[in-house]
Every structure is written in C-alpha cells, then in structure tokens.
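Enquirer: The sequence shown runs contiguously to residue 392 in UniProt numbering.
All C-beta atoms in this analysis are idealised placements derived from N, C-alpha and C, irrespective of residue type, glycine included.
Remember, it's a predicted structure, so these values are computed and weren't measured experimentally.
Supplied in structure tokens, the structure appears directly below.
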Amino acid sequence: MNNYELAPFLQANWEKNHFSEPSLIQEKVFPEIQAKKNVVGIAPTGSGKTLAYLIPLLNQAIAGQANQLLILTSSQELAMQVVEVARQWTGGSDLKVQPLIGGASIKRQQEGLKKRPELLIGTPGRVLELVTSKKLKVHQLQTIVFDEIDQLIQGQNLTLIQRILKAIPKETQRLYFSATADRVLEELQHLDAQLVVADVSETDQSQGTVRHFYLETTERKKVDMMRRLLNMPIFWGIFFFNQVADLGAAEEKLLYHQLPVAGLASDQSKLSRKQAIEGFKKHRLLGLLTTDIASRGLDIPALPFVINVDFPLTAESYLHRAGRVGRMGNEGTVISMLASHEIKEAKRIAKKLQIALTPIYLHGGELTTEEPIKLTEKPKKKKTKSRGNRRR
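Below, the structure is given as structure tokens:
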C-alpha cells in the first residue's frame, strides 16, 4: 500500500478486496495512529472510516497479548458489523476478535475473554458491566476506539464513556471517529486534550452522486406509496421512520400484501435483527424498515434507495440516513415523503446541508421528475328543474 508497509496477512486482504489506494481519511490517519497519537477522524459516511483505524491497529497488534484493542460503537448492529469486518481482515493471522455487546449472553462473552482475544468490540453498557465486575481487565489496553463518537457523547452514553475513560490507563491511545464535526470537537475538548484532528469532510470526494428528492403525499397514503415503490422492478431500499410504533404498523400492512420486507427496531431480539439485515443484504428482502437508532452504521454495499417515510428531526439525522447510499463511489437516491405543510421546513434543513431538495413523482409504476398532467373532470351539467304545471 502507498507509503505504508502492511503485515503480510493485511497486504493479502488488501489485494483480495481489490483496493488500489487508501481513501483520504485512511491516508490522513494511518501515520498518526501508528505514531500512537490521540486522533479525531471526521469523514463522510461510507468513506472508509472503519478501515482507517482498523488496518493500522491490526498492523501493530501482537498475537497472544490479550485485550490490546477495544472498539466501542453506538449500537449493537454497528458493533456486529465492525466484528464482521475485523474477522475478515484478521484472516490469515492468529489474532482473535471478541464481541462484547448488550443483548447477548454475558456468560459466553466471559468465556470468550478467557481465550485472551487481542481485539474487543462492544457497546458501552456491556463493556462497562464487564469492567466493573473485573471480568474485563483493561490495564493491558493499548488503544481504545470510539466509533460514531457523535452518538456516544449523547445522553446516557456520555456518562458510560466517561466512566470507561476513567477506568483505562491514562497512556492508552484514544481514537475518535465521526461522520460529522457538529459539536463533536467542542465536546471532545472536555473529554480529552492534545488531540490530532483529521477532518476531511469538506475535501473527501469518495462519495458517489446522491440525488435528493421529496415525494408529496399525505400521512394516510404513506404506506400505499411504500407499496408502490416496492412493486417497482428497480427498487431495493431502506425506509426510515421516527417512531417504532409507526414502523410496526407499516410492516404489518406491507406483509399483509405479501411484500418482502422486514423491520429493524431497537426492541427486537438480536436474532430477529440479524435475520433482517442478512435477508436484506442478500436481496431476499426488498425493503428494510428501521429507525435512526437501529440503523446506525449499517453498511449495505451499493444500496440504491433511502426513503424517509418520516422526515428526520435534525440535519444531522438526515445526513446519517442519506449516508447509507453513495458509499465508496456508488450512486444513490434519497426520497423524503412530505405532506404539503412539511415542505418548507424540509427545504430549510436541506439548505443547511447544502442539498438541493427537488420534487419527484410516482406515476405509472415509475419515478419521474416531470409532474404528471392531472386529468380534470368535465364539469357536470346543472340539472334544470322543470316548472311543470304549478298549482296556483
């Protein structure tokens, strides 16, 4: 790889994945991570952030030394996705990967820790539980990674992160990665000092062309719009909702029409979520219905469509949803279903993100940017009352 010497197993995996050169964020942070600096990496979704920290860390990992690397993620789904990537990239080495996520058997995880894995990947709650019970010994920790730190410093997660940081050695290398710089840099100054910032969000050109549209409809007709989209031959996409209850109701109606969809919600079992993601990735399902929380970090290669059934509540949320398409140079389309009174606010958020939000129409089983001609009914002739013979 360009100006960076990889261990043989990593070089083999690099070539196996047909990579020609590192992405911009990878190029920026590889040397800083190797130099043991504390780094903040800011790059668009789908620009190769996971490998930006994973490759240099695996390149320095020593087989047989337990608990060297800990990666914390904002959701169970993202954790398992990183586990999948890590297992792929440790292929050909003796390095072991251990997931530590909530919702899974803690006893099995404790047994896994006894095998002295070098790389640990988990969610804050479960990791802290294992640390406080002394089942996870962090004094050996060389590096801790916070993936999607913008989510990890919100709400209850922030408290968990602060407690984990207090428990680990001060000399442990700390790496923070996010798709957005909003509030992240300011908040991290309170958590950490002497940070090297690698922000390529303005210069990274790895994202493919993503087009942004809105489809005017009514709340009552949204599920019917979903049904019509799913019946299009070209459709394969993720539907975003703001509320789990609305997601469930829509899923039930679509399944009644025998459409290949599944829900991905935070209140589902680990097995149900895994089956939904796998079914969608393998194209057995044409639609995945989800929320912001459940979908964090989902990486679906070459996904063509993201549909906002409910418009996101914040610009940041829109950015993360839209980031499911256009990954690593692929093209994608984001469509937001909007009632007439929502269009003005949606355009305001889009303008803030420097996105042109234009109308699109679903007509004749196809998406078109040309407004269909509305057929107007002929005015009905007024009936004239016959006077007849009135009685006087």
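#1: Could you pull the DSSP bridge partners for N308 from this structure?
#2: Can you tell me whether A43 is buried or exposed? The criterion is at least 16 other CB atoms within 10 Å of its CB, across all chains shown.
#3: Can you tell which of R321, V210, M80 has the C-alpha that lies nearest to the C-alpha of T180?
#4: Please name the residue in T73, V39, G287 whose C-alpha comes closest to that of V29.
#5: With burial defined as no fewer than 16 other Cβ atoms inside 10 Å of the residue's Cβ, what is the status of N389: buried or exposed?
#6: Tell me the DSSP secondary structure of I97 in three-state form.
#7: Quick check on DSSP: helix, strand or coil for V196?
#8: Label D267 either buried or exposed according to how many other C-beta atoms from any shown protein chain fall within 10 Å of its C-beta, with 16 as the threshold for buried.
#9: Please state the DSSP three-state secondary structure of E316.
#10: How about K49 and F177: are their beta carbons less than 7 Å apart?
#11: Tell me, to the nearest whole angstrom, how far the beta carbon of T172 is from that of L141; I am working on the premise that it is less than 8 Å.
#12: For the putative contact between V145 and L72, defined by C-beta atoms under 8 Å, what is the C-beta separation to the nearest angstrom?
#13: Please report how far the alpha carbon of I373 lies from the alpha carbon of L362, in whole angstroms.
#14: When you compare only the Cα positions, how much space is there between Y318 and A167?
#15: Is it buried or exposed for R324, if we count other Cβ within 10 angstroms and need 16 for buried?
#16: Among the candidates F280, V85, E366, D246, whose CA atom is the shortest distance from the CA of N308?
#17: Whole angstroms are fine: how far does the CA of L191 sit from the CA of H283?
#18: Buried or exposed for H257, going by 16 or more other Cβ atoms inside 10 Å?
#19: Rounding to the nearest angstrom, what Cα-Cα distance links H341 and K352 in this structure?
#20: Can you tell me which of the three DSSP states H139 falls into?
#21: So, L215 versus I335, is the Cβ gap smaller than 7 Å?
#22: Taking Cβ to Cβ, would you say M337 is nearer than 7 Å to T217?
#23: Excluding the 5 residues preceding and the 5 following L229 in the sequence, name in chain order all residues of the same chain whose CB lies nearer than 6 Å to its CB.
#24: Is the beta carbon of G64 less than 7 Å from the beta carbon of F9?
#25: Less than 7 Å between the C-beta atoms of S74 and Q151, yes or no?
#26: Beta-carbon separation of K5 and A61 under 7 Å?
#27: Which residues in the same chain have their Cβ closer than 6 Å to the Cβ of D94, if we skip the five residues on either side of it in sequence?
#28: Is it right to say R392 is buried, meaning 16 or more other beta carbons lie within 10 angstroms of its own, or is it exposed?
#29: Going by C-alpha to C-alpha distance, which of I360, G365, N13 sits closest to E371?
#30: Compute the Euclidean distance between the alpha carbons of R273 and G287, then round it to the nearest angstrom.
Expert: So, from the data block:
#1: Reading the sequence shown from its first residue, position 308 is the one you call residue 308. In DSSP, N308 forms a bridge with F240, S336.
#2: Here residue 43 refers to the residue found at position 43 of the sequence shown. That one is buried.
#3: Mapped onto the sequence shown, residue 180 falls at position 180. The shortest CA-to-CA distance from T180 to any of R321, V210, M80 is the one to R321.
#4: As a first step, residue 29 must be located in the sequence shown, where it is residue number 29. For V29, the nearest C-alpha among the options comes from V39.
#5: The count along the sequence shown starts at 1 and reaches residue 389 at position 389. Low local confidence applies: a pLDDT of 49 at N389 is under 50, so the model's placement there is unreliable, with the coordinate-based value given in what follows. Exposed: under 16 other Cβ atoms inside 10 Å.
#6: The residue you call residue 97 lines up with position 97 of the sequence shown. The identity of residue 97 in the sequence shown is Val, whereas the question assumes Ile. Strand at V97.
#7: In the sequence shown, counting from the first residue as 1, residue 196 sits at position 196. Strand at V196.
#8: Walking along the sequence shown from the start, residue 267 turns up at place 267. D267 should be labelled exposed.
#9: In the sequence shown, counting from the first residue as 1, residue 316 sits at position 316. In the structure shown, E316 sits in a helix (DSSP, three-state: H, G or I).
#10: As a first step, residue 49 must be located in the sequence shown, where it is residue number 49. As a first step, residue 177 must be located in the sequence shown, where it is residue number 177. A contact, by the Cβ cut-off of 7 Å.
#11: The residue labelled residue 172 in the question sits at position 172 within the sequence shown. The residue labelled residue 141 in the question sits at position 141 within the sequence shown. Indeed, because the Cβ distance is near 5 Å, the residues count as touching under 8 Å.
#12: Taking the first residue of the sequence shown as 1, we reach residue 145 at position 145. Taking the first residue of the sequence shown as 1, we reach residue 72 at position 72. With 8 Å as the limit, V145 and L72 qualify as a contact, their Cβ atoms being about 7 Å apart.
#13: Along the sequence shown, one-based indexing puts residue 373 at 373. Along the sequence shown, one-based indexing puts residue 362 at 362. If you take the alpha carbons of I373 and L362, they lie about 12 Å apart.
#14: Within the sequence shown, the letter at position 318 stands for residue 318. Within the sequence shown, the letter at position 167 stands for residue 167. Their Cα atoms are separated by approximately 35 Å.
#15: By one-based count along the sequence shown, residue 324 stands at place 324. Buried.
#16: As a first step, residue 308 is located in the sequence shown; it is residue number 308 there, counting from the start. Minimum Cα distance to N308 is reached at D246.
#17: Here the question's residue 283 lines up with position 283 in the sequence shown. Here the question's residue 191 lines up with position 191 in the sequence shown. The straight-line gap from Cα to Cα measures roughly 42 Å.
#18: The residue given as residue 257 occupies position 257 in the sequence shown. It counts as exposed.
#19: As a position in the sequence shown, residue 341 is number 341, starting the count at 1. As a position in the sequence shown, residue 352 is number 352, starting the count at 1. Roughly 19 Å separates the two Cα atoms.
#20: The sequence position of residue 139 within the sequence shown is 139, counting from 1. H139 falls in the coil class under three-state DSSP.
#21: The residue given as residue 215 occupies position 215 in the sequence shown. The residue given as residue 335 occupies position 335 in the sequence shown. In contact: L215 and I335 (Cβ atoms closer than 7 Å).
#22: Numbered from 1 along the sequence shown, position 337 holds the residue referred to as residue 337. Numbered from 1 along the sequence shown, position 217 holds the residue referred to as residue 217. Yes. Within cutoff.
#23: On the sequence shown, residue 229 is found 229 positions in, with the first residue counted as 1. So the qualifying residues of the chain are F235.
#24: The residue given as residue 64 occupies position 64 in the sequence shown. The residue given as residue 9 occupies position 9 in the sequence shown. Against a cut-off of 7 Å, the Cβ pair of F9 and G64 comes out as no contact.
#25: The residue given as residue 74 occupies position 74 in the sequence shown. The residue given as residue 151 occupies position 151 in the sequence shown. Closer than 7 Å, so yes.
#26: By 1-based counting over the sequence shown, the position of residue 5 is 5. By 1-based counting over the sequence shown, the position of residue 61 is 61. Here residue 5 turns out to be Glu, not Lys, going by the sequence shown. Note that the C-beta distance between E5 and A61 is not below 7 Å.
#27: Taking the sequence shown and counting its residues from 1, one reaches residue 94 at position 94. Cβ within range, chain order: A63.
#28: In the sequence shown, the residue the question calls residue 392 occupies position 392. In this predicted model, R392 has a pLDDT of only 42, less than 50, meaning its place in the structure is not dependable; the value taken from the coordinates is given anyway. Classification for R392: exposed.
#29: Reading the sequence shown from its first residue, position 371 is the one you call residue 371. The shortest C-alpha separation from E371 is found at I360.
#30: The count along the sequence shown starts at 1 and reaches residue 273 at position 273. The count along the sequence shown starts at 1 and reaches residue 287 at position 287. The alpha-carbon atoms of R273 and G287 are separated by roughly 14 Å.
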